[in-house]
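Chemist:
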Amino acid sequence: MGEEKETKAPGRSRFKTICVFCGSSIGKRRSYGDAALELGRELVARSLDLVYGGGSVGLMGLVSQEVHGGGRRVLGVVPKSLMFEEIIGETVGEVKLVADMHQRKAEMARHSDCFIALPGGYGTLEELLEVITWAQLGIQDKPVGLLNVEGYYNNLLAFIDKAVDEGFIKPCERSIVVSASSAQELLQKLEDYVPLHSAAVAKASWEAEQVELNSALQTEIAR
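In terms of our numbering, the sequence shown opens at residue 284 and continues consecutively.
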């Protein structure tokens, strides 16, 4: 008889809350939904909470329901224009209403320690690239990871490498984005991530931007 491999429980995470960007569709491959569920289970195993774009449809619904069902806190950040259930479904856990899509991203970032992108479309890519750019500019120093299910993000990673080769992205900035094909491996890479910029500089820049955004947020919601 062969020896059984011992499965080690995840160690204590340096994160408290993970922001997940992903599709409001489930995609054509079963593996995408399986990856969303796997990520949800891994967050629960590591005692991590979830921030996401709200709703119960697509991959967004799968990961949020898995985390919520595991007893962890789930916060859905939803713009007023998307509050109708026929658009996004019913959000599990807590709901934070914001004025627009820009403030949605700012609030999701403010409430999280790390970003992970599952497969998705235009919205997922737009959210992902914005937080990558924030890291590049030193606005924030939170890790950014791609859950690269069956090579879904291979072309995006190739584009980034091409931009480095052609001089549009500095070589040192390539490390902003980490990727892995499994949730467990990706979360470990994110735990080990070393920020590109000084945390003090990033924190000061981030807090200055948040003061302005929160002021605008309260004005818009009051309308």
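Positions of the beta carbon are idealized from the N, C-alpha and C atoms, including for glycine.
Taking 8 Å as the cut-off, decide whether the C-beta atoms of Gly323 and Val360 are in contact.
Modeler: Residue 323 sits at position 40 when you count from the first residue of the sequence shown. Residue 360 sits at position 77 when you count from the first residue of the sequence shown. No, they are not a contact pair.
Chemist: So, using beta-carbon positions, are Thr374 and Gly406 closer together than 8 Å?
Modeler: Mapped onto the sequence shown, residue 374 falls at position 91. Mapped onto the sequence shown, residue 406 falls at position 123. Cβ atoms of Thr374 and Gly406: not closer than 8 Å.
Chemist: Using only alpha-carbon positions, find the residue among Arg355, Ala318 and Gly306 that is nearest to Arg329.
Modeler: Residue 329 sits at position 46 when you count from the first residue of the sequence shown. Among Arg355, Ala318 and Gly306, the Cα nearest to that of Arg329 belongs to Arg355.
Chemist: Verify whether the separation of the beta carbon atoms of Phe398 and Cys302 is less than 8 Å.
Modeler: One-based indexing of the sequence shown puts residue 398 at position 115. One-based indexing of the sequence shown puts residue 302 at position 19. Taking 8 Å as the Cβ cut-off, Phe398 and Cys302 qualify as a contacting pair.
Chemist: Give me the residue from Gly376, Ile309 and Pro362 with the minimum Cα distance to Gly353.
Modeler: In the sequence shown, residue 353 corresponds to position 70, counting from 1. When each option's Cα is compared against that of Gly353, the closest is Gly376.
Chemist: Buried or exposed: Leu420, going by 16 or more other Cβ atoms within 10 Å of its Cβ?
Modeler: The sequence position of residue 420 within the sequence shown is 137, counting from 1. So Leu420 counts as exposed.
Chemist: Can you name the start and end residues of the beta strand (DSSP E) that Ala463 belongs to?
Modeler: Here the question's residue 463 lines up with position 180 in the sequence shown. Start and end: Val460 to Ala463.
Chemist: Which word fits Glu325, buried or exposed, when buried means at least 16 other C-beta atoms lie within 10 angstroms of its C-beta?
Modeler: Start at 1 with the first residue of the sequence shown, and residue 325 comes out as number 42. Buried is the call here.
Chemist: In terms of alpha-carbon separation, which member of Gly336, Lys363, Gln348 and Ser314 lies closest to Leu380?
Modeler: Locating residue 380 in the sequence shown gives position 97, where the first residue counts as 1. It is Lys363.
Chemist: Excluding the 5 residues flanking Gln348 on each side, which residues of the same chain have their C-beta closer than 6 Å to its C-beta?
Modeler: Within the sequence shown, numbered from 1, the residue matching residue 348 stands at position 65. Closer than 6 Å at the Cβ level, and outside the excluded window around Gln348, lie Val375.
Chemist: In the DSSP assignment, what residue or residues form a beta bridge with Gly359?
Modeler: Taking the first residue of the sequence shown as 1, we reach residue 359 at position 76. Bridge partners of Gly359: Tyr335 and Val378.
Chemist: Just to check, is the beta-carbon of Gly403 closer than 7 Å to a non-hydrogen atom of the ligand GDP?
Modeler: Annotation note on the ligand GDP: not contained in the displayed structure, which lists no ligands.
Chemist: Compute the Euclidean distance between the alpha carbons of Phe442 and Tyr476, then round it to the nearest angstrom.
Modeler: Taking the first residue of the sequence shown as position 1, residue 442 is located at position 159. Taking the first residue of the sequence shown as position 1, residue 476 is located at position 193. Approximately 22 Å between the Cα atoms of the pair.
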